[in-house]
Amino acid sequence: MSVYMIIETEVRDKKLYAEYVEKVPAVIEKYGGRHLARDGKITSLSGNWHPERIILLKFETAEALQKCFNSSEYLEIKSLREQSAVSKAIVVEGI
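Sequential numbering from 185 applies to the sequence shown in my numbering.
See below:
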């Protein structure tokens with residue numbers, strides 16, 4: 185079953201975050217993931233939610249997602265994200 189990862193990010197260090205953004209797509213793709221949305225226009229429909237940046241990823245299985253984000257390739261660049269941005273993420277199963 186496909187899973188979707190939704191990430192809300194507030195960038196604190198644009199230069200360092202740009203380095204992460206340059207490297208992470210190859211890791212995601214290696215594990216079968218793909219970006220469905222990133223850096224697009226965000227429109228708030230309800231509530232008081234005005235995120236700076238939303239990323240939407242799709243993986244074919246939850247296991248593939250876990251392998252990706254626990255991989256040595258991702259762990260090598262994870263600190264770039266942690267040092268440059270504040271992020272929240274959830275995973276939602278598809279139907």
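Think of the CB as a built atom: it goes at the ideal place given N, C-alpha and C, for glycine as much as any other residue. Please read all numbers here as calculations on a predicted model, not as lab measurements.
For residue i, the nearest candidate out of the options (CA to CA)
{"i": "Glu-273", "options": "Glu-194, Ser-186 and Leu-264", "result": "The sequence given here has Ala at residue 273, not Glu. Residue Glu-194 is the option with its Cα nearest to Ala-273."}
{"i": "Ser-268", "options": "Tyr-188, Ala-221 and Leu-200", "result": "Leu-200"}
Supposed contact pair residue j and residue i - C-beta distance, whole angstroms, cut 8 Å
{"i": "Val-276", "j": "Ile-191", "result": "About 12 Å separates the two Cβ atoms, so there is no contact after all."}
{"i": "Gly-278", "j": "Leu-241", "result": "That pair is no contact at about 12 Å."}
{"i": "Ile-261", "j": "Val-187", "result": "Not really, about 21 Å apart at Cβ, beyond 8 Å."}
Beta-carbon contacts of residue i that lie in its chain and below 7 Å, excluding the five residues immediately before and after
{"i": "Ile-285", "result": "This structure cannot speak to residue 285, because the chain is shown only from 185 to 279."}
{"i": "Lys-228", "result": "Note that residue 228 corresponds to Ser in the displayed sequence, not to Lys. Taken in chain order, the residues that qualify are His-234."}
Beta-carbon proximity list for residue i, same chain, < 6 Å, skipping 5 on both sides
{"i": "Arg-265", "result": "Tyr-204"}
{"i": "Ile-211", "result": "According to the sequence as given, residue 211 is Val; it is not Ile. Here the set comprises Glu-257 and Tyr-258."}
{"i": "Ala-246", "result": "Val-187"}
{"i": "Asp-197", "result": "Ser-268"}
Status (buried if at least 16 other CB within 10 Å, exposed otherwise) for residue i
{"i": "Ser-176", "result": "For residue 176 there is no data in the structure shown, the boundaries of the chain being 185 and 279."}
{"i": "Ala-202", "result": "exposed"}
{"i": "Val-270", "result": "exposed"}
Minimum Cβ-Cβ distance from residue i to chain C less than 9 Å
{"i": "Glu-247", "result": "No chain C appears in this structure, which consists of one protein chain only."}
Same chain, Cβ closer than 8 Å to residue i, neighbours up to 5 away in sequence not counted
{"i": "Arg-215", "result": "The question names Arg, but residue 215 is Tyr in the sequence shown. Result list for Tyr-215: Phe-243, Ala-248, Leu-249, Lys-251, Cys-252 and Ser-255, in chain order."}
{"i": "Ala-221", "result": "Ile-238, Ile-239 and Leu-240"}
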